[in-house]
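Enquirer:
Numbering (our numbering), first residue to last: 994 to 1187.
Structure representation (C-alpha cells):
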C-alpha cells in the first residue's frame, strides 16, 4: 500500500459470554496474527481493537426492545464493529452454532450494517463435528449484514489451543492472499471516497 493510505482498521468482536474465556484469548491472538498475515500480503493494519461482549453482556437483553435507548457502552461497541476495515468475529460453538449473545448484539445492526467491512469468521469448538459451524452459520450471518467475506471461516478446536500459531498459519497460507487482495481493494476504494 502507498504511504498516503492509512493503516486498515481492525476490529475483533468476541462473542463469548464469559469474561476471560479461552475464546477471548484465541480472538486476541487471531487479531494479531491476521495483522502479520496481511502484512505479508502488503496490507498495513492498525492495532486490533477488541469488542468483548462479555463486558457489555448484561446490557444487551435490555436492548431487545427497540423502545430502550442504546447506552454509551453498547453504542461504542456497535460503532467499532461498523467502521470500515477488517471485522473479525470470533465465537465459541454453542449448541452447534455461534452464541445467543453474539446474535443478540448483531441483531442491533441494520441490514448492510457492516457493508464497509471485510469479514473474517472464526469459531472455537470442543468437538471436531462442529468444525464446520463457522462456514455453516457465522460466515452467512456476516454476509447477510453486508460484510464482504472472501475466505472460509477459521475453525479452532480446543485440542488445538496449544498450537494456535500453527493452526492460524495453516489457514493463512491458504487464504491470506485472497483476503489481502480484497482488503487492499476495499480500503483503496474507501480512501478514494473520503
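Idealized CB from N, CA, C, for every residue including glycine.
Here the structure is a predicted model, which is why all the values come from computation and not from measurement.
(1) Can you grab the Cα-Cα spacing for the pair residue 938 / residue 1159, in whole Å?
(2) Can you list, in chain order, the residues of its chain with a C-beta nearer than 7 Å to that of residue 1034? Leave out the 5 residues immediately preceding and following it.
(3) Below 7 Å CB to CB, which residues in the same chain sit around residue 1036 once its five sequence neighbours on both sides are set aside?
(4) Please report the distance separating the alpha-carbon of residue 1071 from that of residue 1102.
(5) Measuring straight from C-alpha to C-alpha, what distance separates residue 1152 and residue 1182?
(6) Helix or strand or just coil, what does DSSP make of residue 996?
(7) What's the C-alpha gap between residue 1089 and residue 1146?
(8) So what's residue 1101 in DSSP terms, helix, strand or just coil?
(9) Considering only the alpha carbon of each residue, which of 1012, 1140, 1155 lies closest to residue 1004?
(10) What is the DSSP secondary structure of residue 1115, reduced to helix, strand or coil?
(11) Does DSSP put residue 1141 in a helix, in a strand, or in coil?
(12) Let me know the secondary structure DSSP gives residue 1014 once reduced to three states.
(13) Could you compute how far the alpha carbon of residue 1081 sits from the alpha carbon of residue 1006?
Expert: The relevant details are as follows:
(1) This structure does not reach residue 938, given that the chain is present from 994 up to 1187, and the question cannot be answered.
(2) Within the chain shown, residue 1034 is the residue found at index 41, counting from 1. Only 1169, 1170, 1173 meet the Cβ criterion.
(3) Looking up residue 1036 in the chain shown gives position 43. Excluding sequence neighbours, residue 1036 sits near 994, 1001, 1173, 1176, 1177.
(4) Your numbering for residue 1071 matches position 78 in the chain shown. Your numbering for residue 1102 matches position 109 in the chain shown. Approximately 8 Å, taken between the alpha carbons.
(5) Within the chain shown, residue 1152 is the residue found at index 159, counting from 1. Within the chain shown, residue 1182 is the residue found at index 189, counting from 1. Whole-angstrom Cα-Cα distance: 40 Å.
(6) Here residue 996 corresponds to residue number 3 of the chain shown, with the count starting at 1. Confidence at residue 996 is low in this model, with a pLDDT of 45, below 50, so the placement of that residue should be treated as unreliable; the coordinate-derived value is given next. Residue 996 falls in the coil class under three-state DSSP.
(7) Here the question's residue 1089 lines up with position 96 in the chain shown. Here the question's residue 1146 lines up with position 153 in the chain shown. Distance between the alpha carbons of residue 1089 and residue 1146 is about 15 Å.
(8) Numbered from 1 along the chain shown, position 108 holds the residue referred to as residue 1101. Note: residue 1101 maps to coil in three-state DSSP.
(9) Here residue 1004 corresponds to residue number 11 of the chain shown, with the count starting at 1. For the residues 1012, 1140, 1155, the minimum Cα distance to residue 1004 belongs to 1140.
(10) The count along the chain shown starts at 1 and reaches residue 1115 at position 122. Residue 1115 falls in the strand class under three-state DSSP.
(11) Within the chain shown, numbered from 1, the residue matching residue 1141 stands at position 148. In this structure, residue 1141 counts as strand in the three-state DSSP scheme.
(12) Along the chain shown, one-based indexing puts residue 1014 at 21. In this structure, residue 1014 counts as coil in the three-state DSSP scheme.
(13) Taking the chain shown and counting its residues from 1, one reaches residue 1081 at position 88. Taking the chain shown and counting its residues from 1, one reaches residue 1006 at position 13. C-alpha separation (whole angstroms): 6 Å.
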